[in-house]
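Okay, so here's the structure we're looking at.
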Amino acid sequence: MVFTACNGQVHTDSPKHRVSQLKASSESHSIIIRTLGVKSGNLTCELQDRDGNLWFSTSGEGVYRFNGESFTNFTTKDGLCDNDAGDIIQDKAGNILIGTNSGICVYDGKSFSQYLETDSTKKFNITSLLEDRDGNIWFGTLTNGIYRFDGKNLTNFLNNDDHPFNLGNRYQLILDILQDKIGNIWFSSWNGGGVWRYDGRTFSNFLPPKDYYTSNGDRRTINNAKQVKFDYLPDKNTYSESQGSITDDMIFSISEDQSGILWFATRRHGVCSYNGKSFTSFSENEGFVSYGIHSMLQDKKGNMWFTTDKNGVYSYDGKTFKNYTTADGLVNNSVFSILEDHYGNLWFGTRWFGLSRFDGKTFSTFSEYKEEE
């Protein structure tokens with residue numbers, strides 16, 4: 003099914019057009035239409051595939067593909083595993099892999115199928131996806147840690163093993179996976195595990211110092227029985243956002259810039275960068291925000307972009323931060339994701355199924371947007 007702003011629901015078998023051909027905002031363009039009647043929910047920008055198509059996932063309305071002219075909606079009626087979709091990647095064979103609340107779905111360009119035909123993986127709520135340089139598929143799950151599939155064997159990590167997980171959890175809720183320029187694979191934890199680095203042999207854990215917890219820097223009660231054992235944590239006299247440690251133990255996403263510096267989007271302590279030796283924090287003191295950073299991206303011009311839960315988006319040129327909100331044309335200030343297309347346009351997925359495109363000067367809305375009470 004294909005949807006346009008002026009023609010409603012139209013089915014077409016016309017050939018795909020590259021998104022890079024869409025160079026400027028126009029008064030009339032296709033938009034994402036809600037087809038299943040979901041009143042609330044979010045939209046995220048996930049992937050630009052090798053043919054130039056943009057892919058967007060939603061909570062409740064399946065996934066959408068944009069070819070530069072129109073949107074095609076895929077739902078369970080078309081074979082999608084679940085209408086609650088998340089991370090989307092394209093593997094080396096050209097298949098589109100989609101993480102859903104019912105396992106991983108694969109699209110070969112013609113039809114959808116379950117990626118792993120096992121009863122257990124069909125029940126997984128997939129939180130993140132990555133194909134590494136060796137062709138292994140990594141995926142995070144809601145309550146079972148992470149898995150690696152090498153084409154034959156499925157291996158589980160960070161789940162009920164000997165790692166001293168924080169907060170008493172015996173698994174890690176991994177929201178993002180990234181392979182850096184030198185080959186290490188990084189995992190961001192959303193249930194108190196900080197970040198993990200895998201060098202191909204062992205996992206290393208990065209957590210805030212001990213006094214981050216004892217001074218209530220995490221804003222959790224230290225009387226919680228699950229939080230009283232800090233023996234495995236680094237020991238410092240006072241808690242401060244220092245160069246010695248990562249600044250938060252709940253990390254939403256990870257990004258790497260052109261120089262190889264890693265950026266971590268944290269729950270309560272802004273963004274934290276890591277150059278391989280030390281950490282640097284960016285928050286209110288630098289004209290930024292501390293709470294609710296979701297996703298990050300370095301654009302083709304070298305600027306870093308950050309999306310936030312309540313404050314719109316920020317750009318950072320290496321010296322100063324610039325804030326963009328609904329006052330500038332952004333569809334919603336609660337922004338979950340960012341994607342740059344081949345032409346340099348930035349796409350932002352927001353709460354309430356909002357989709358904005360920024361061409362460097364103006365924002366345009368590309369979704370049927372309506373806030374629900």
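Heads up, this note's numbering is the position in the sequence shown plus 2, with the first residue counted as 1. Backbone N, C-alpha and C define an ideal beta-carbon position, used for all residues, glycine too.
Collapsed DSSP secondary structure at residue i in the structure displayed
{"i": "residue 324", "result": "strand"}
{"i": "residue 330", "result": "helix"}
{"i": "residue 63", "result": "coil"}
{"i": "residue 28", "result": "Bear in mind that a pLDDT of 44 at residue 28, under 50, signals an unreliable position, so the model cannot answer this."}
{"i": "residue 287", "result": "helix"}
{"i": "residue 95", "result": "coil"}
{"i": "residue 227", "result": "Low local confidence applies: a pLDDT of 43 at residue 227 is under 50, so the model's placement there is unreliable, with the coordinate-based value given in what follows. In the structure shown, residue 227 sits in a helix (DSSP, three-state: H, G or I)."}
{"i": "residue 270", "result": "coil"}
{"i": "residue 44", "result": "strand"}
{"i": "residue 258", "result": "strand"}
{"i": "residue 7", "result": "Since pLDDT at residue 7 reaches only 31, below the 50 mark, its modelled position is unreliable, and the value read off the structure follows with that caveat. The answer is coil: DSSP assigns residue 7 none of H, G, I, E or B."}
{"i": "residue 172", "result": "coil"}
{"i": "residue 89", "result": "strand"}
{"i": "residue 237", "result": "Since pLDDT at residue 237 reaches only 48, below the 50 mark, its modelled position is unreliable, and the value read off the structure follows with that caveat. Three-state result, residue 237: coil."}
{"i": "residue 72", "result": "coil"}
{"i": "residue 50", "result": "strand"}
{"i": "residue 56", "result": "strand"}
First and last residue of the uninterrupted alpha helix (DSSP H) at residue i
{"i": "residue 213", "result": "212–216"}
{"i": "residue 121", "result": "121–124"}
Nearest-angstrom Cα separation, counted from residue j out to residue i
{"i": "residue 352", "j": "residue 184", "result": "32 Å"}
{"i": "residue 93", "j": "residue 54", "result": "15 Å"}
{"i": "residue 283", "j": "residue 269", "result": "13 Å"}
{"i": "residue 316", "j": "residue 328", "result": "13 Å"}
{"i": "residue 158", "j": "residue 124", "result": "15 Å"}
{"i": "residue 210", "j": "residue 247", "result": "5 Å"}
{"i": "residue 194", "j": "residue 140", "result": "21 Å"}
{"i": "residue 97", "j": "residue 297", "result": "24 Å"}
{"i": "residue 42", "j": "residue 337", "result": "14 Å"}
{"i": "residue 173", "j": "residue 144", "result": "9 Å"}
{"i": "residue 371", "j": "residue 36", "result": "9 Å"}
{"i": "residue 27", "j": "residue 133", "result": "Caution applies to residue 27, whose pLDDT of 37 falls short of 50 and renders its modelled position unreliable; the model cannot decide the point."}
{"i": "residue 65", "j": "residue 342", "result": "18 Å"}
{"i": "residue 44", "j": "residue 334", "result": "11 Å"}
{"i": "residue 207", "j": "residue 273", "result": "18 Å"}
{"i": "residue 126", "j": "residue 301", "result": "33 Å"}
{"i": "residue 188", "j": "residue 368", "result": "33 Å"}
{"i": "residue 146", "j": "residue 190", "result": "14 Å"}
{"i": "residue 162", "j": "residue 175", "result": "12 Å"}
{"i": "residue 32", "j": "residue 307", "result": "25 Å"}
Start-to-end residues for the beta strand (DSSP E) that takes in residue i
{"i": "residue 83", "result": "Here residue 83 belongs to no beta strand (DSSP E), and DSSP marks it neither H nor E."}
{"i": "residue 162", "result": "Residue 162 -> no beta strand (DSSP E), and no H or E assigned at all."}
{"i": "residue 33", "result": "No beta strand (DSSP E) holds residue 33; DSSP gives it neither H nor E."}
{"i": "residue 115", "result": "114–116"}
{"i": "residue 308", "result": "306–310"}
{"i": "residue 296", "result": "295–300"}
{"i": "residue 133", "result": "128–133"}
{"i": "residue 105", "result": "105–109"}
{"i": "residue 337", "result": "337–342"}
{"i": "residue 203", "result": "It is not in any beta strand (DSSP E) - residue 203 carries neither H nor E in the DSSP assignment."}
{"i": "residue 371", "result": "Careful: residue 371 lies outside any beta strand (DSSP E) and carries neither H nor E."}
{"i": "residue 178", "result": "176–181"}
{"i": "residue 351", "result": "348–352"}
{"i": "residue 367", "result": "365–367"}
{"i": "residue 355", "result": "That residue, residue 355, is in no beta strand (DSSP E); it is neither H nor E in DSSP."}
{"i": "residue 263", "result": "Premise fails: residue 263 is in no beta strand (DSSP E) and is neither H nor E."}
{"i": "residue 1", "result": "This structure does not reach residue 1, given that the chain is present from 3 up to 375, and the question cannot be answered."}
{"i": "residue 190", "result": "187–191"}
{"i": "residue 318", "result": "315–318"}
When the options are compared against residue i, the one with the closest alpha-carbon
{"i": "residue 85", "options": "152, 114, 69, 316", "result": "114"}
{"i": "residue 120", "options": "131, 105, 129", "result": "105"}
{"i": "residue 288", "options": "324, 263, 312", "result": "324"}
{"i": "residue 149", "options": "135, 136, 131", "result": "131"}
{"i": "residue 57", "options": "99, 196, 177, 41", "result": "99"}
{"i": "residue 129", "options": "355, 51, 192, 313", "result": "192"}
{"i": "residue 264", "options": "254, 275, 255", "result": "275"}
{"i": "residue 249", "options": "258, 215, 261, 257", "result": "215"}
{"i": "residue 290", "options": "319, 262, 103, 67", "result": "319"}
Outcome for residue i when other beta-carbon atoms lying within 10 angstroms are tallied against a minimum of 16
{"i": "residue 48", "result": "buried"}
{"i": "residue 63", "result": "buried"}
{"i": "residue 344", "result": "exposed"}
{"i": "residue 142", "result": "buried"}
{"i": "residue 70", "result": "buried"}
{"i": "residue 277", "result": "exposed"}
{"i": "residue 136", "result": "exposed"}
{"i": "residue 50", "result": "buried"}
{"i": "residue 280", "result": "exposed"}
{"i": "residue 358", "result": "buried"}
{"i": "residue 217", "result": "exposed"}
{"i": "residue 339", "result": "buried"}
{"i": "residue 101", "result": "buried"}
{"i": "residue 152", "result": "exposed"}
{"i": "residue 2", "result": "Nothing about residue 2 can be reported from this structure: the residues present for the chain run from 3 to 375 only."}
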